[in-house]
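Undergrad: Below is one structure. I have some questions about it.
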Amino acid sequence: MILFLFSLCLVYWFKLEIAQFPTKINQQLYQDYASMISPNLPNLSLAEFLAQSQLQAKSSYLINLFFILLPLITFWQHHLSLPIIFILFILSYLSLLDYFYYLTDVQYVAIVFILSLWQLLFYDNVFLYERLFSLFITTLFFLLFHLISQFILKREGLGIGDMLLFIAISPLFSLEKMIELLLFACVFGLLFALGYFLWTKRKIARLPFVPFISLSTLIGIVGKI
């Protein structure tokens, strides 16, 4: 019951975070902008900068999914540990955030990583070496992937936030399972893009990938129950 009530509090917190996220990012960008502009040049005020920014707060009925997703997760509390439940809470938030703004909140990704280590150290009955090896190889893979994408292919194949999220959840799974999760996420993304094309007759301009990472992670967690 306490966890259920806590999930309802998180619903309002995450709704507030999604609404305020563009303002936080724009304020950070404005500070960088103001520090680079020469004192001799006309400078935009913060209000003018916020008004001209393409990153604006969005509202949708999808935000109300929080009222379903988070309390629903608490019904699994007899099968899931506390760190896993909190990870699923945060993945729900990050999925909607990526859907709205094509961005990821790195602070919450860091929390997911800490929760994953908490789960590994105090709840999972596995060889520590196996999961640390998964973390190491996953980190190495995405580091090389990023370097190849940036300096050889000259394009971004996967967002940094997406790669960091994969790394954050890697302590939860073996290396073989992480490969499966990556493949599942890619397949889900391709199916969504294909469905979008068949429905609208247009190619999707940008694909939010965090929802598919979250879905594959959920499948991986359910498979362990």
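If you count the sequence shown from 1, you need to add 1479 to reach the numbering used here.
Backbone N, C-alpha and C define an ideal beta-carbon position, used for all residues, glycine too.
1) Find the nearest neighbour of residue 1695 within the set 1570, 1591, 1515, judged by alpha-carbon distance.
2) Here's the rule I'm using: 16 or more other beta-carbon atoms within 10 Å means buried, otherwise exposed. How should residue 1572 be labelled?
3) Starting from residue 1491, trace the alpha helix (DSSP H) both ways and give me its first and last residue.
4) What does the Cβ neighbour count give for residue 1666, buried or exposed, with the cut at 16 atoms within 10 Å?
5) Verify whether the separation of the beta carbon atoms of residue 1563 and residue 1497 is less than 8 Å.
6) To the nearest angstrom, how far is it from the Cα of residue 1606 to the Cα of residue 1514?
7) Here's the rule I'm using: 16 or more other beta-carbon atoms within 10 Å means buried, otherwise exposed. How should residue 1455 be labelled?
8) Which stretch, first to last residue, makes up the alpha helix (DSSP H) that contains residue 1575?
9) Rounded to whole angstroms, what's the CA-CA distance from residue 1715 to residue 1636? Just pull it up for me.
10) Using 8 Å as the Cβ pair cut-off and three pairs as the minimum, do the region 1580–1592 and the region 1641–1655 touch?
11) Do the CB positions of residue 1628 and residue 1652 come within less than 8 Å of each other?
12) Would you check if the region 1483–1496 and the region 1545–1554 touch, i.e. whether three or more CB-CB distances between them fall below 8 Å?
13) Do you know offhand how far residue 1536's Cα is from residue 1495's?
14) Using CA coordinates, which residue listed in 1658, 1659, 1683 is at the minimum distance from residue 1670?
15) Could you give the distance in angstroms between the alpha-carbon of residue 1641 and the alpha-carbon of residue 1528?
16) Could you say which of 1538, 1579, 1618, 1639 lies nearest to residue 1658 if we only look at CA atoms?
17) Looking only at its chain, what residues have a beta carbon closer than 8 Å to the beta carbon of residue 1661, apart from the 5 residues adjacent to it on each side?
18) Is DSSP giving residue 1522 helix, strand or coil here?
19) Which of helix, strand or coil does DSSP assign to residue 1684?
TA: Inspection of the coordinates gives the following:
1) Nearest of 1570, 1591, 1515 to residue 1695, Cα basis: 1570.
2) So residue 1572 counts as buried.
3) Counting along the chain, the alpha helix (DSSP H) containing residue 1491 begins and ends at 1481–1515.
4) In this structure residue 1666 is exposed. Its beta-carbon is surrounded by fewer than 16 other beta-carbon atoms within 10 angstroms.
5) Not closer than 8 Å, so no.
6) Taking the straight line joining both Cα atoms gives about 49 Å.
7) Residue 1455 is absent from the model: the chain starts at 1480 and stops at 1704.
8) Its alpha helix (DSSP H) spans residues 1561–1580.
9) The structure shown does not extend to residue 1715, since the chain spans only 1480 to 1704, so no value can be given for it.
10) Contact holds: three or more Cβ-Cβ distances are below 8 Å.
11) No; because the gap between Cβ atoms is not below 8 Å, this pair is not in contact.
12) Touching, yes, given that three or more Cβ pairs across the two stretches are closer than 8 Å.
13) Going by the C-alpha atoms only, they are around 11 Å apart.
14) Comparing Cα positions, the closest option is 1683.
15) Straight-line spacing of the CA atoms in residue 1641 and residue 1528 works out to 28 Å.
16) With distances taken between Cα atoms, residue 1658 lies closest to 1618.
17) 1645, 1695, listed in sequence order.
18) For residue 1522, the secondary structure class from DSSP, reduced to helix, strand or coil, is coil.
19) In this structure, residue 1684 counts as coil in the three-state DSSP scheme.
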